[in-house]
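Visitor:
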Amino acid sequence: MEKANMDSLVTILAYVENLGFTSQFEVNGKTLISLKTNNHFEPEQIKIVHFYRFEGDSSQDDSSIMYAIETDNNEKGTLIDGYGTASDTSTADFMRAVTHIQK
25 MEKANMDSLV TILAYVENLG FTSQFEVNGK TLISLKTNNH FEPEQIKIVH FYRFEGDSSQ
85 DDSSIMYAIE TDNNEKGTLI DGYGTASDTS TADFMRAVTH IQK
């Protein structure tokens, strides 16, 4: 994925949606849930195709990370979390368990 003019979360989201990453995911307990299909996925059922980190201009508490994810049933979407001290513990734990990561 090109890095041309990709400095904001909104810009990146629009870019990856154009690539087919149209579902939104969230972590609930120990599974990743698609808000579009309500499918549940374990860490070994997904791959992180790409990820982007963002830092706030005025505070490191504004840091976030966006993951472009593809599941084993070919559903593609995004997951957004805080980064560093702003991260959600269950989301961070789930993402650390994912072994298939490319960038």
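Every position in the sequence shown, counted from 1, becomes a number in the working numbering once 24 is added.
Here a beta-carbon is modelled for each residue, glycine too, at the ideal position from N, C-alpha and C.
How many angstroms separate the CA atom of V73 from the CA atom of N62?
Guide: 21 Å
Visitor: Going by beta-carbon coordinates alone, are I36 and M90 separated by less than 7 Å?
Guide: In contact: I36 and M90 (Cβ atoms closer than 7 Å).
Visitor: With distances taken from CA atoms, which of Y107, R77, E41 and N52 is nearest E94?
Guide: The residue among Y107, R77, E41 and N52 with its C-alpha nearest the C-alpha of E94 is E41.
Visitor: Of all the options A121, S87 and H124, which has the alpha carbon lying nearest to the alpha carbon of S32?
Guide: Distance from the Cα of S32 is smallest, within the candidate group A121, S87 and H124, for S87.
Visitor: Under the rule that 16 or more other beta-carbon atoms within 10 Å means buried, what is L103, buried or exposed?
Guide: Buried is the call here.
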